[in-house]
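The structure appears below as structure tokens.
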Amino acid sequence: MKFAFFQGCNIPVRVEQYADSTEAVLQTFGIELVRIPEFNCCGYPMRNVDEKAYIMPSVRNMAIAEKAGLDILVICNCCFASLQKAKSVVDKDRALREEFNTLLAKEGLAYSGTARIRHYLTVLHEDVGIETIRNKLVNTCKGLKLSVIHGCHILRPREITQFDDSFVPRITEDLVGVTGATSLDWRGRMECCGAALAGLNDELSRKLLQEKISGARQAGADYITPICSYCHLQFDTTQSNMAAEAPGSEILPVLLYPQLLGLCLGIDERRLGMTGNRTIATSDIDHIKSLLGPPVEEKKKKVRQQAA
Amino acid sequence: MNFTLLLTVAVSVCLIGILLRLYVWFSQGIHPPAATLTLPQRLAAAGKALGGALFGPRSITVLKSIFLDLLFQQRVFDKNTLRWIAHGLIFTGFLLLFFLHALDSLITERLFSDYQSTLDPYLFLRNLFGLMVLAGVAIAVYRRITLRPQRLMTYAGDWAALIFVGGIILSGMLLEGAKISSYSTFQRMLDDTGITDEQEIQALAAYWIEKNGLVIAHNPPAITPELVAQGQEISAGSCGECHAANSSAFVSFGLAKITGPLMASGEAGAVSFLWYLHILFCLTFLAWLPFSKMFHIISAPVSLIITRIMGKENGEPANVLTRQMIGLSACTHCGACSLECSSNMFFESFHNDFILPSEKVQFLKHIAAGKELDSATLKKLQQGLYICTSCDRCTNICPSGINLKELFVSSRYALLDRGIPETSMLSHFSFPLALAQSYTGDHLKALKVVEQLFRKSFTALADMVRPLTLERGGTFANPSYRSCYACQRCTNICPVVRSYDNPGEALGMLPHQIIFSLGIGKVDLAMGAKMIWSCSTCYLCQEHCPNQVELCDIFYGLKNAAIARIEEGGRS
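Chains as they are written, first to last, in my numbering: chain P, -19 to 288; chain F, 13 to 584.
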């Protein structure tokens, strides 16, 4: 399997470890990610200002993927939602599609809608499958308690994102479950990290972030696992910034899902960029590693059954 | 005109130009204001940094940079092979011609005691190097034309640089070609040999006509194999020592075959005309160099070495401005940054050249020089500086190693400081700026300016004196608001509303009130509510609305409309 790897603008320069660990994990399952330098911004940052300017960049990105004959694999929620939104808009609005295509034709591109937009979690869940993941596990991480925060733009609006049940999401539960770690039920699980307000209303943005940090900690989380790169930056960078302003405050370390799964698949932690997370201390990494242990009997039984 | 005089003028202009541009390095800057540091302070800081780079452990890095960045051009090599080849051909060919041909009396003659410009390998190499430059120029022209749809901008100055470089080489080749076919040049050389016998001269001429491209317009000798054979023998004895076969000058020799017969009657004039043309091209180029993008020959190496040492980090505060100015002067307007700019599609939407990094950086020198700009240009530049995803691609790709990221961030806030409201601040381009936490105070100040503009442009619900009435015709593009049946679930679930003790006051209007006001046709009232800008876009309201009112999408629509209204107001 091969995908055009859409990293967006934040990941290559601010969350490289997310791309690296995703790539390492998917490689384990024979999925190749092609990096395409021609991809531009997904358009999301412009959404507050101009809807058309927000849609157009994603149409070009999809046209580029089409030309390469590949489906797009996305990590960032906001990129994912922008691509899905653009797709749904131009698939309905023929006139707008023609307008964009006239523009794209200048650089030899055309949008026809053949490239699918896939989130990496969907690829892991649907295309790879939980059982395949289970069979590849070298370790599980029993006893690790984490709070997943989905990020809004992957779940909602459901008719656009089409990711999972927007009220009772299952994909992350299954994917965390297979690693042996516990995905806690907590209040902020499907709520806002405040990223969309950063730089516009920092006070409110940080308030929303703080609410999630406290909520996760109250639920007993050792780590927070953001799905979206914007959420990651809020929990990793902004949380560090806030801690620097309030010395002595306790940090809730970030552990990305492909980092956790990567460890369980026996991938070298350097390839997973564990130290790239600003909030994770060496002691945290040691703590996670101490919880790693061989998968439970079930798997061995299964393998034996298969062999027999 | 006297060559020495022309040369002196050109060299003087060039040197003065270089000094002027070096002065600009240490006297101007973008941000923080240049006035806070004096020229001696900046020179001293730069000197200290230079000393540290040359005589410390960093000297290894400098050496590495000279080989990798300057000579090998690694930054271009990593990104684009064709451009690397084009630049390599021009760079190598031109430099070798400059040292071995233009400065032959100073360099080549001293290196090689038997040097004669008409001997091989010099005759051959000159053509080879010249052809390399021409091939490079041809690729560059091809690139500029074919990449136009990919938003590669080309100015007159870019064409001028290519015309000068190509013109120098082409005029030189034409000159050499004219000399090859020139009868008067043949006669001059003949005088050097001391041959006087008329028959021998005839034989020699016959051989040079037949084999070396000579053209004689009046009474050429009748060419017979015997005469040519005799001429060849004489040539080997009398000319061979100082003159290789003209076929070694493979390009000029080919040109001579075309131009020779054309200019045969006026060949002496043609030679001197082409000589002047060649010299004029060379000297004008020399004089023009410091005032054009060709100054990158000096500034780009400095910029590349600094970047190799410092990366994207700022060094001493006293050197920040100097590095900005070196960077600005190192831009060759190659457009590599704009081709990969992540915001390039926004350029297609807003038709603002300044969204493209290459166009920003070209224009910033006016800001650095403190030039007064009209408010329309300033506004465009400010918007262009703000519509940036902070992805750092431009900085990573720049072949001159300019720290574009730093330049753009500091100029962004230098411009915002002038108090012109920038509505793009309300976009998510502000997100990475909030993360970086540089210029926090300036950012807040500029946001306040936008807020004030909003307050001036829209009436808030709290300020309304007369009772609300139904408005006719005030419909909103997204019709889903009509399904609202006032359950207020949106407001009850909103994480922003619950963040305030008195949300009505803090947010102007609550989510359901915004939908109500659309219902009674008060779109303007909704557009002015602070709530829409405090919306965290989490879509909880929209997802939970029992009647499928697309609240979050409506808020986006209101934000777009409010900005459009304000921008319109600014223009009229």
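Every residue gets a Cβ at the ideal spot worked out from N, C-alpha and C, and that includes glycine.
To which residues of the same chain is residue i closer than 6 Å at the C-beta, ignoring the five residues directly before and after it?
{"i": "Gly30 of chain F", "result": "The question names Gly, but residue 30 of chain F in the sequence shown is Ile. Within the same chain, Ile30 of chain F has close Cβ partners Pro302."}
{"i": "Ile119 of chain F", "result": "Phe111"}
{"i": "Arg96 of chain P", "result": "Asp51"}
{"i": "Tyr127 of chain F", "result": "Thr120, Glu121"}
{"i": "Leu252 of chain P", "result": "Ser1, Gln239, Gly242"}
{"i": "Arg87 of chain F", "result": "Pro411"}
Out of curiosity, what's the CA-to-CA distance linking residue i and residue j?
{"i": "Asp216 of chain P", "j": "Ile97 of chain F", "result": "43 Å"}
{"i": "Ile364 of chain F", "j": "Met165 of chain F", "result": "It should be pointed out that residue 364 of chain F corresponds to Asn in this sequence rather than to Ile. Cα-Cα distance, rounded: 12 Å."}
{"i": "Ser450 of chain F", "j": "Gln336 of chain F", "result": "17 Å"}
{"i": "Met222 of chain P", "j": "Asn572 of chain F", "result": "31 Å"}
{"i": "Asp404 of chain F", "j": "Thr319 of chain F", "result": "14 Å"}
{"i": "Lys223 of chain F", "j": "Ser24 of chain F", "result": "44 Å"}
{"i": "Glu188 of chain F", "j": "Leu18 of chain F", "result": "21 Å"}
{"i": "Tyr512 of chain F", "j": "Ser546 of chain F", "result": "11 Å"}
{"i": "Cys506 of chain F", "j": "Gln554 of chain F", "result": "10 Å"}
{"i": "Gly41 of chain F", "j": "Phe358 of chain F", "result": "28 Å"}
{"i": "Gly40 of chain P", "j": "Phe80 of chain P", "result": "First, the amino acid is wrong: residue 40 of chain P is Arg here, not Gly. Near 8 Å, if we compare the C-alpha coordinates of Phe80 of chain P and Arg40 of chain P."}
{"i": "Gln142 of chain P", "j": "Ile78 of chain F", "result": "53 Å"}
{"i": "Ile265 of chain P", "j": "Met254 of chain P", "result": "8 Å"}
{"i": "His556 of chain F", "j": "Val(-5) of chain P", "result": "32 Å"}
{"i": "Asp605 of chain F", "j": "Gly243 of chain F", "result": "Chain F is shown from 13 up to 584; residue 605 of chain F falls before or after that span and cannot be answered."}
{"i": "Asp429 of chain F", "j": "Leu519 of chain F", "result": "27 Å"}
{"i": "Gly131 of chain P", "j": "Ser185 of chain P", "result": "14 Å"}
{"i": "Thr471 of chain F", "j": "Glu579 of chain F", "result": "17 Å"}
{"i": "Ala85 of chain P", "j": "Pro25 of chain P", "result": "25 Å"}
{"i": "Leu76 of chain P", "j": "Val70 of chain P", "result": "6 Å"}
{"i": "Ala11 of chain F", "j": "Ser193 of chain F", "result": "Since the first and last residues shown for chain F are 13 and 584, residue 11 of chain F lies out of range."}
For residue i, which residues of its own chain have a beta-carbon under 8 Å away from its beta-carbon, when the five flanking residues on both sides are left out?
{"i": "Thr140 of chain P", "result": "According to the sequence provided, residue 140 of chain P is Ile. The question's Thr does not apply to it. Excluding sequence neighbours, Ile140 of chain P sits near Ala61, Gln64, Lys65, Ser68."}
{"i": "Leu397 of chain F", "result": "Phe366, Lys372, Phe420, Ser423, Arg424, Leu427"}
{"i": "Lys305 of chain F", "result": "Gly169, Asp170, Ala173, Cys343, Thr344, His345"}
{"i": "Val118 of chain P", "result": "Cys244, Leu245, Gly246, Pro274, Pro275"}
{"i": "Ala201 of chain P", "result": "Lys125, Leu126, Ser127, Leu164, Trp166, Leu232"}
{"i": "Leu85 of chain F", "result": "Sequence inspection shows Gln at residue 85 of chain F; the Leu mentioned does not correspond to that position. Trp96, His99, Gly100, Phe103, Pro411, listed in sequence order."}
{"i": "Lys269 of chain P", "result": "Leu243, Glu249"}
{"i": "Gly23 of chain P", "result": "Ala33, Tyr34, Ile35, Met36, Pro37, Ser38, Ser62, Ala66"}
Might you give, ordered along the chain, the residues of its own chain that have their beta carbon closer than 7 Å to the beta carbon of residue i, omitting 5 neighbours on each side?
{"i": "Glu483 of chain F", "result": "Ile532, Gly533, Lys534"}
{"i": "Gln(-13) of chain P", "result": "Ala(-1), Ile55"}
{"i": "Thr503 of chain F", "result": "Val509, Leu522, Pro523, His524"}
{"i": "Pro273 of chain F", "result": "Val227"}
{"i": "Gly339 of chain F", "result": "Ser315, Ile414, Asn415, Leu419"}
(message) By the 7 Å beta-carbon criterion, what residues does the stretch 84 to 115 of chain P contribute toward chain F?
(response) Correct list: Lys86, Glu87.
(message) To be precise: take each residue of the stretch 159 to 191 of chain P, compare its Cβ to all Cβ atoms of chain F, and keep it if any distance is under 7 Å. Which residues remain?
(response) Those would be Glu171, Cys172, Gly174, Ala175, Ala176, Leu177, Ala178, Gly179, Leu180, Asn181, Asp182, Leu184, Lys187, Leu188, in chain order.
(request) List in chain order: all unbroken alpha helix (DSSP H) runs of 4+ residues lying wholly within the stretch 235 to 264 of chain F. (result) Entirely contained in the stretch 235 to 264 of chain F, the alpha helix (DSSP H) runs reaching 4 residues are, in chain order, 237 to 250.
(message) With three or more C-beta pairs closer than 8 Å as the rule, is the stretch 38 to 56 of chain P touching the stretch 82 to 95 of chain P?
(response) The stretch 82 to 95 of chain P and the stretch 38 to 56 of chain P touch, with no fewer than 3 CB-CB distances between them shorter than 8 Å.
(request) Please list the residues of the stretch 505 to 517 of chain F that have a C-beta atom closer than 8 Å to any C-beta atom in chain P, keeping them in chain order. (result) Residues of the stretch 505 to 517 of chain F with a C-beta less than 8 Å from any C-beta of chain P: Pro507, Val508, Ser511, listed in chain order.
(request) Can you give me, in chain order, the residues of the stretch 156 to 180 of chain F that have a beta carbon less than 8 Å from any beta carbon in chain P? (result) Correct list: Pro161, Gln162.
(request) Identify each residue in the stretch 417 to 448 of chain F for which the Cβ-Cβ distance to at least one residue of chain P is less than 8 Å, and report them in chain order. (result) So the list reads Thr435, Ser436, Met437, Leu438, Ser439, His440, Phe441, Ser442, Phe443, Pro444, Leu445, Ala446, Leu447, given in the order they occur along the chain.
(request) Could you tell me which uninterrupted alpha helix (DSSP H) segments, each at least 4 residues in length, are contained entirely in the stretch 182 to 232 of chain F, listed from first to last along the chain? (result) Within the stretch 182 to 232 of chain F, the complete alpha helix (DSSP H) segments at least 4 residues long are 195 to 205, 210 to 224, listed from N- to C-terminus.
(message) I'd like to know if the stretch 384 to 394 of chain F and the stretch 310 to 324 of chain F are in contact, where contact means that at least 3 CB-CB pairs between them fall below 8 Å.
(response) Result no; under three Cβ-Cβ pairs closer than 8 Å.
(request) Could you please tell me which residues of the stretch 311 to 341 of chain F, in chain order, have their CB closer than 8 Å to any CB of chain P? (result) Listed by position along the chain: nothing, the set is empty.
(request) Kindly confirm or deny that the stretch 144 to 159 of chain P and the stretch 184 to 194 of chain P touch, where touching means at least three C-beta pairs closer than 8 Å. (result) The stretch 144 to 159 of chain P vs the stretch 184 to 194 of chain P: no contact.
(request) Residues of the stretch 28 to 44 of chain P with a CB closer than 8 Å to any CB of chain F: list them in chain order, please. (result) Listed by position along the chain: Asn28, Val29, Asp30, Glu31, Lys32, Ala33, Met36, Pro37, Arg40.
(message) Whether or not the stretch 5 to 22 of chain P and the stretch 324 to 333 of chain F are in contact is what I'm after, with contact meaning three or more pairs of Cβ atoms, one per stretch, closer than 8 Å; do they touch?
(response) Contact check between the stretch 324 to 333 of chain F and the stretch 5 to 22 of chain P: fewer than three CB pairs, one atom from each, fall below 8 Å, which does not count as touching.
(message) Restricting to runs no shorter than 3 residues, where is the beta strand (DSSP E) found entirely within the stretch 147 to 214 of chain P?
(response) Runs of the beta strand (DSSP E) spanning 3 or more residues and lying entirely within the stretch 147 to 214 of chain P occur at 203 to 206, in chain order.
(request) Enumerate, from N- to C-terminal direction, the unbroken alpha helix (DSSP H) stretches of 4 or more residues contained entirely within the stretch 364 to 412 of chain F. (result) Within the stretch 364 to 412 of chain F, the runs of alpha helix (DSSP H) at least 4 residues long that lie entirely inside it are, in chain order, 369 to 380, 387 to 398, 405 to 409.
(message) Which residues of the stretch 387 to 404 of chain F have a Cβ closer than 8 Å to any Cβ of chain P? Give them in chain order.
(response) Residues of the stretch 387 to 404 of chain F whose Cβ lies closer than 8 Å to any Cβ of chain P, in chain order: Ile399, Thr401, Ser402, Cys403, Asp404.
(message) What ranges does the alpha helix (DSSP H) occupy inside the stretch 57 to 112 of chain P, keeping only unbroken runs of at least 4 residues that lie completely in it?
(response) Every unbroken stretch of the alpha helix (DSSP H) spanning 4 or more residues and falling wholly within the stretch 57 to 112 of chain P is given here in chain order: 57 to 72, 74 to 85.
(request) For the stretch -10 to 15 of chain P, enumerate the residues whose C-beta is nearer than 9 Å to any C-beta of chain F, in chain order. (result) So the list reads Asn(-10), Pro(-8), Val(-7), Arg(-6), given in the order they occur along the chain.
(message) What are the residues in the stretch 199 to 232 of chain P lying within 8 Å of chain F by C-beta distance?
(response) For the stretch 199 to 232 of chain P, which is checked against every Cβ of chain F, the residues closer than 8 Å are Tyr210, Leu213, Thr217, Thr218, Asn221.
(message) Counting only Cβ-Cβ distances shorter than 8 Å, please list the residues of the stretch 81 to 107 of chain F near chain P, keeping chain order.
(response) If you check each beta-carbon in the stretch 81 to 107 of chain F against every beta-carbon of chain P, none falls closer than 8 Å.
(request) Please list the residues of the stretch 124 to 142 of chain F that have a C-beta atom closer than 7 Å to any C-beta atom in chain P, keeping them in chain order. (result) So the list is empty, because no residue satisfies the distance condition.
(request) Could you please tell me which residues of the stretch 490 to 506 of chain F, in chain order, have their CB closer than 7 Å to any CB of chain P? (result) Taking 7 Å as the Cβ-Cβ cut-off, the stretch 490 to 506 of chain F has no residue approaching chain P.
(request) Taking only beta carbons into account, state which residues of the stretch 119 to 132 of chain P come closer than 8 Å to chain F, listed in chain order. (result) Result list: Cys132.
(request) Give, in chain order, every unbroken run of the alpha helix (DSSP H) that is at least 4 residues long and sits entirely within the stretch 38 to 119 of chain F. (result) You should have 51 to 66, 71 to 77, 86 to 91, 93 to 109.
(message) Residues of the stretch 357 to 376 of chain F in Cβ contact with chain P at a cutoff of 8 Å, in chain order, please.
(response) With the criterion set as a beta carbon lying under 8 Å from some beta carbon of chain P, the members of the stretch 357 to 376 of chain F are Met357, Phe358, Glu360, Ser361, Phe362, in sequence order.
(request) Jot down the residue ranges of each uninterrupted alpha helix (DSSP H) in the stretch 509 to 558 of chain F, minimum 4 residues, whole runs only, in chain order. (result) As far as the stretch 509 to 558 of chain F is concerned, its whole alpha helix (DSSP H) runs of at least 4 residues are 515 to 519, 523 to 531, 535 to 539, 542 to 546, 552 to 556.
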